[in-house]
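These notes concern the structure reproduced below.
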Ligand code: GDP
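Spelled out as structure tokens, the structure:
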């Protein structure tokens, strides 16, 4: 995400390194480079100018004597200004009302329906009962798509195949939610390929009729300045409450993320970073600024882990480790949980330092596949009792999983090493163990 911008900013700060203080003369070059980096990232020119002017004012006013180095001071100032540019504080969605009603608007292909599924998943994890209303009456396939996603996340869908009136469907969905004790209704609407009057009127009509607690505008971040312009047009017409930026995983420039707030004056509330249902994050301006500056984003990483890891399952596995009973079923379950956290490359980019160092390294998303295939080719008994997996069984497993005997041996070795390590840990932390007194 935003690799180019991170690199260019990094270079801009380097021009300041080794200088004793920030002066009008030595900061000018850096400011120019920061501005160029922002414009190259497809940030609106006016926005780039305003923000760099502010950065300059801030830099000139700071006491450089106590600064660690002028370059570091600049990173801090730019971080602060980018954070402000993206809205400063995180803004939550409003879930008032019974049910709370969230209206989703955006162009076709922006990722509206995918986001609807993700938001349902996100809210369900907060123990809210969610209903999705499918109001795209033009494309029957759209309703099917909603149903597939809803099923994946375990949420009910309200749709009316023969009704061509989206306002009515939305109203009926809300009535249905009231009768069925659903606390949140997410209304997925029809989009068009480009902004058009009929679509705008339809969304405005739905909005007027149902008075949603929250209207979210979904936009594809990869479209850069177009995303900003579309957001502006939609906002003038439907006065939405927040923006959802999608496909940030494919956005290498970052222009939309940086300028949408300043141009449209509405906060970004969510970012979507992949096709998986878990690839959704709340938008924190300061963390995004950190990521842009290559400072990593450990906090989001930890939160993603907390959300994706099933507490109950973690406890169960912990128990098994303590009893030295960790087996291949548990291993497979752990792999599943890691995969749920989202795109591996995206996760790696959140780790400070590593994100930058790894940016050109190909991360193989399929690395888990042979491991899974091997484990799935084991019998139930073998998975539960890995010690029984002899040479001839290994041969059979390799054949069954389409891997080689070496791959199976490697996995067995890694697994046994892991179990040994767990056993040792248990000895150290268990009753009478070396570390037990320290607890
Ligand atoms: P809609 O027409 O606005 O409802 O858009 P869809 O939800 O059908 O999304 C259009 C395409 O973009 C689909 O292929 C989605 O899988 C894909 N998509 C949606 N969100 C993301 C995202 O955050 N990242 C990536 N890489 N793809 C996405």
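Residue numbers (the UniProt record's numbering): 1 to 439. The C-beta atom is built at its ideal place from N, Cα and C for all residues, glycine as well. Only a predicted model underlies this, so the values are computations on that prediction, with no experimental measurement involved.
Distance cut-off 7 Å: residue i Cβ against heavy atoms of ligand 1
i, result
"residue 265", "no"
"residue 194", "no"
"residue 273", "yes"
"residue 109", "yes"
"residue 279", "yes"
"residue 114", "yes"
"residue 191", "yes"
"residue 340", "no"
"residue 215", "no"
"residue 249", "yes"
"residue 224", "no"
"residue 406", "no"
"residue 254", "no"
"residue 152", "no"
"residue 246", "yes"
"residue 145", "yes"
"residue 242", "no"
"residue 106", "yes"
Nearest-angstrom Cβ-Cβ length linking residue i and residue j, presumed shorter than 8 Å
i, j, result
"residue 132", "residue 94", "The pair is not a contact, with the Cβ atoms about 18 Å apart (cut-off 8 Å)."
"residue 85", "residue 367", "Going by Cβ atoms, the distance from residue 85 to residue 367 rounds to 37 Å, so no, they are not a contact pair."
"residue 111", "residue 218", "6 Å"
"residue 8", "residue 40", "7 Å"
"residue 153", "residue 341", "With a Cβ gap of about 16 Å, residue 153 and residue 341 do not count as contacting."
"residue 253", "residue 5", "7 Å"
"residue 337", "residue 377", "Their Cβ separation, rounded to whole angstroms, is 21 Å, which puts residue 337 and residue 377 out of contact at 8 Å."
"residue 446", "residue 255", "Here the chain comprises residues numbered 1 to 439, so residue 446 is not present and cannot be evaluated."
"residue 394", "residue 405", "6 Å"
"residue 220", "residue 247", "5 Å"
"residue 279", "residue 364", "No, residue 279 and residue 364 are not in contact; Cβ-Cβ is about 18 Å, not under 8 Å."
"residue 213", "residue 97", "5 Å"
"residue 324", "residue 410", "Incorrect: roughly 22 Å between the Cβ atoms, too far for contact."
"residue 386", "residue 327", "6 Å"
"residue 320", "residue 330", "6 Å"
"residue 2", "residue 75", "15 Å between Cβ atoms; not a contact."
"residue 442", "residue 401", "The structure shown does not extend to residue 442, since the chain is modelled only from 1 to 439, so the question has no answer here."
Cross-strand partners of residue i (DSSP beta bridge)
i, result
"residue 242", "216"
"residue 134", "188"
"residue 106", "218"
"residue 158", "133"
"residue 6", "The partner list for residue 6 (beta bridge, DSSP) is empty, contrary to what the question assumes."
"residue 268", "243"
"residue 281", "271"
"residue 209", "In the DSSP output, where bridge partners are listed per residue, residue 209 has none listed."
"residue 101", "185"
Could you tell me whether the stretch 138 to 151 touches the stretch 267 to 275, where touching means 3 or more Cβ pairs closer than 8 Å? no
Cβ contact check for the stretch 218 to 232 and the stretch 146 to 155: 3 or more pairs under 8 Å: no
Give a yes or no on contact between the stretch 240 to 249 and the stretch 53 to 60, applying the rule of three or more CB pairs nearer than 8 Å. no
For the pair the stretch 176 to 188 and the stretch 100 to 107, tell me if three or more CB-CB distances fall below 8 Å. Segments in contact, yes.
Any chance the stretch 308 to 320 sits against the stretch 27 to 46, with 3 or more Cβ pairs inside 8 Å? In the pairwise beta carbon analysis, the stretch 308 to 320 is classified as not touching the stretch 27 to 46: fewer than three pairs are separated by under 8 Å.
Do the stretch 109 to 127 and the stretch 74 to 83 make contact, defined as three or more Cβ pairs closer than 8 Å? Counting Cβ pairs under 8 Å, fewer than three are found: no touch.
Whether or not the stretch 161 to 178 and the stretch 196 to 206 are in contact is what I'm after, with contact meaning three or more pairs of Cβ atoms, one per stretch, closer than 8 Å; do they touch? Output reads yes: the stretch 161 to 178 touches the stretch 196 to 206.
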